[in-house]
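K.L.:
Going left to right, the sequence shown walks through residues 8 to 72 as this note's numbering numbers them.
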Amino acid sequence: MASAPPPQQEPTNYLDFDSLEVVEAAPREFRGTVVMVSHDTWSAEAVGVDRRWRLGDGRLVEEAG
Numbered sequence: 008m009a010s011a012p013p014p015q016q017e018p019t020n021y022l023d024f025d026s027l028e029v030v031e032a033a034p035r036e037f038r039g040t041v042v043m044v045s046h047d048t049w050s051a052e053a054v055g056v057d058r059r060w061r062l063g064d065g066r067l068v069e070e071a072g
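1) According to DSSP, is residue 68 part of a helix, a strand, or is it coil?
2) Please go through the segment 11-65 and give each complete beta strand (DSSP E) segment of 3 or more residues, from N-terminal end onward.
3) Cβ atoms of residue 27 and residue 50: under 9 Å apart, would you say?
4) Below 8 Å CB to CB, which residues in the same chain sit around residue 59 once its five sequence neighbours on both sides are set aside?
5) Count the other CB atoms within 10 Å of the CB of residue 31; is the residue buried (16 or more) or exposed (fewer)?
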């Protein structure tokens with residue numbers, strides 16, 4: 008059984024490009040559920056996010072696309 012990667016908040020802040028590639032590859036290779044919290048849309052798309060929610064005005068809303 009694969010072990011889950013550790014939780015990360017804003018994992019893309021302060022990383023060089025080589026490190027960023029490693030961080031983006033890990034969720035793509037993991038065979039399970041990954042919850043990613045980030046304001047970085049580009050990185051979310053790079054890891055293959057297929058569902059996205061936005062929290063605002065006290066509500067959690069799923070975004071289209």
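Here a beta-carbon is modelled for each residue, glycine too, at the ideal position from N, C-alpha and C.
P.N.:
To lay it out plainly:
1) strand
2) 59-63
3) yes
4) 51, 69, 70, 72
5) buried
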